[in-house]
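Residue 216 in the working numbering is what sits at position 177 of the sequence shown, and the numbering runs on without skipping anything.
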Amino acid sequence: RRTRMLLLVRTVLHVPHHSPSTAARFSSSQPSSSHVTLDCNVLSSGHQSMEWMLPDLTTLEKTDSHRIVSEHNRLVIKNTSLSDSGLYHCFVRTETDVDIISYRLTVRERLLSPSDLNGKKMSVDYGESLILPCSVTSPQPVETRWILPKHEILNASDAKGRIHVSQNNTLIIKNVLDEDTGEYSCLAANLHGVDMLSHMVVVASKKEEDSSVSSVVEGESHFLHSEDTEGEPEPLLKWLFKITKRAKM
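See the structure below:
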């Protein structure tokens, strides 16, 4: 007796920033030669038939210049664009059973120009906390994730050091550093496609500690004033003196 199999594979691609409809690319190769391949390999001792279901729930009846089913039932998508995002199913049928292999394909722009940002461009002070909400409305179940500046991915309730995502998809970064500057994208995907909200965050330089220097002529009086302090119990105030001796010629 065979056991029915359901395999879900998630794939994330990056598209060059200059056009949402240009090809996906994995390296520095030219966009026109880029493509993605989805495998559908199922072992069977008897006769089997195969078909691919696209994100819009239609089956791929015949190949074209954009989608090609090559040997070994591989689906090749050329010139990948944002509209190709979604859930792909490969159905393999035998006389007694059906196996399904599913791919979640997410295509996003590699870099966004300032005019392409649909979120906010914000500045946060060094050492402060950064909070980025991501509100999603959909009649169907939605999977959300945050894509960080170095292409790291965090799902809901994930945490990584100073960074974590709450259950309501809000991204929180504590004690922000200069390295946190960059593009933050919230990506929401369901059965029919994806939507993305992108913010550009700039971390302001670390402020130098406020210090004051006073000079006084030897033999004169000098008054140093402390700032007002209050609290319960009353705080204890102390002065610290650093004595510097000058060499005499």
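Glycine is no exception: its CB is placed at the ideal position from the N, C-alpha and C atoms. For clarity, every value in this text was computed on a predicted model and none was experimentally measured.
{"Check": "Cβ neighbour criterion (16 or more within 10 Å) applied to W278", "Outcome": "exposed"}
{"Check": "Identified DSSP bridge partners for R132", "Outcome": "S88 and V137"}
{"Check": "H128 to S141 span [Cα, whole Å]", "Outcome": "4 Å"}
{"Check": "Nearest neighbour of I139, chosen from V81, M235 and H190 [CA to CA]", "Outcome": "V81"}
{"Check": "Extent of the continuous beta strand (DSSP E) to which S224 belongs", "Outcome": "G221 to N229"}
{"Check": "H238 beta carbon less than 7 Å from that of L169", "Outcome": "no"}
{"Check": "Simplified DSSP assignment, three categories, for L121", "Outcome": "helix"}
{"Check": "Assigned exposure category for N208 - 16 Cβ within 10 Å defines buried", "Outcome": "buried"}
{"Check": "Per DSSP, the bridge partner or partners of S174", "Outcome": "Beta-bridge pairing links S174 to no other residue."}
{"Check": "Status (buried if at least 16 other CB within 10 Å, exposed otherwise) for V215", "Outcome": "buried"}
{"Check": "Completely contained beta strand (DSSP E) runs for the stretch 190–222, where each covers 3 or more residues", "Outcome": "192–194, 202–204 and 210–212"}
{"Check": "8 Å contact criterion, which A227 and V175 should meet: CB distance rounded", "Outcome": "5 Å"}
{"Check": "Burial state of L126, where buried means 16 or more other Cβ atoms lie within 10 Å", "Outcome": "buried"}
{"Check": "Status (buried if at least 16 other CB within 10 Å, exposed otherwise) for S224", "Outcome": "buried"}
{"Check": "Range covered by the beta strand (DSSP E) that runs through T97", "Outcome": "Here T97 belongs to no beta strand (DSSP E), and DSSP marks it neither H nor E."}
{"Check": "Where the beta strand (DSSP E) through D164 begins and ends", "Outcome": "K160 to D164"}
{"Check": "Proximity below 7 Å, CB of Q179 to CB of V131", "Outcome": "no"}
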